[in-house]
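Encoded as structure tokens, the structure appears first; notes follow it.
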Amino acid sequence: MVSSTPTALKLRASYACNTDVVLADYALARGMRALPYSTNMTTSPATYMVLRKEKCEDVHAVRLVRATVLSEVMWNFIEAMGLSVDLFEHGLSRGNLLFLQLLVDSLKLQKKTNPVFTDSQDALLGAKRPRTKGKNADLIVRGFGKRGL
Numbered sequence: 000m001v002s003s004t005p006t007a008l009k010l011r012a013s014y015a016c017n018t019d020v021v022l023a024d025y026a027l028a029r030g031m032r033a034l035p036y037s038t039n040m041t042t043s044p045a046t047y048m049v050l051r052k053e054k055c056e057d058v059h060a061v062r063l064v065r066a067t068v069l070s071e072v073m074w075n076f077i078e079a080m081g082l083s084v085d086l087f088e089h090g091l092s093r094g095n096l097l098f099l100q101l102l103v104d105s106l107k108l109q110k111k112t113n114p115v116f117t118d119s120q121d122a123l124l125g126a127k128r129p130r131t132k133g134k135n136a137d138l139i140v141r142g143f144g145k146r147g148l
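Just so we're aligned, residue 0 is where the sequence shown starts under numbering that gives the first Met the number 0, counting upward by one.
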């Protein structure tokens with residue numbers, strides 16, 4: 000396990016997509032989430048189907064799955080376009096920088112105040128169109144698909 004906040008803002012060059020990253024382990028030894036963030040389905044098996052099967056409405060479980068889905072998408076972009084640890088790097092040529100911009104753009108496109116998972120996916124796909132001229136849709140769809148959507 001890596002001791003760090005697993006957000007796109009705190010990525011380190013040493014991280015890989017299957018690195019288990021714990022959220023806020025400085026406060027709690029195992030972190031604030033039930034599972035680490037990782038693309039490894041063994042150590043981080045959070046999926047949309049788990050929420051549906053158990054009719055789970057626990058806000059923390061829903062947030063865990065949502066963040067895990069977005070982590071999958073982010074790592075798809077990083078694997079395709081590379082990683083920049085400098086968030087102030089000019090341009091969107093690196094995967095994590097483009098993902099962050101698309102995420103912010105997608106929030107502007109969401110019409111609902113309480114979006115469901117498919118709303119988030121649709122908004123990311125919509126945000127991608129003007130920025131990438133339609134490229135990289137597969138990176139978004141694959142990330143959501145791996146986690147059950």
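Note that beta-carbon positions come from the ideal geometry of N, C-alpha and C, so glycine has one too.
Counting every other CB atom within 10 Å of its CB across the protein chains shown gives Ala-136 a total below 16, marking it as exposed.
Excluding the 5 residues flanking it on each side, Asp-57 has no same chain C-beta neighbour closer than 8 Å. Fully enclosed alpha helix (DSSP H) runs of no fewer than 4 residues occupy 94-108, 116-131 of the segment 61-131, in order along the chain. Separation of Gly-90 and Leu-96 (C-alpha to C-alpha, rounded to the nearest whole angstrom) is 8 Å. Of all alpha-carbon atoms in Leu-27, Thr-38, Ala-33, Ala-12, the one lying nearest the alpha-carbon of Gly-142 is that of Thr-38. Leu-101 places its beta carbon 7 Å or farther from that of Lys-134. According to the DSSP assignment, Arg-141 belongs to the alpha helix (DSSP H) that extends over 136-145.
Taking one beta carbon from each stretch, the segment 72-81 and the segment 26-35 have fewer than 3 pairs nearer than 8 Å; the two do not touch. Burial is judged here by how many other beta carbons sit within 10 angstroms of a residue's own beta carbon; Phe-87 has fewer than 16 and is exposed. Counting other Cβ atoms within 10 Å of its Cβ, Thr-41 stays below 16 and is therefore classed as exposed. Note that the C-beta distance between Thr-46 and Arg-146 is below 7 Å.
In the structure shown, Tyr-47 falls within a helical segment according to DSSP collapsed to helix, strand and coil. Inclusion of Ser-105 and Leu-123 in the CB contact set at 7 Å is warranted, their separation being smaller than that value. For the 7 Å CB-CB criterion, Ala-12 and Val-84 form a contact.
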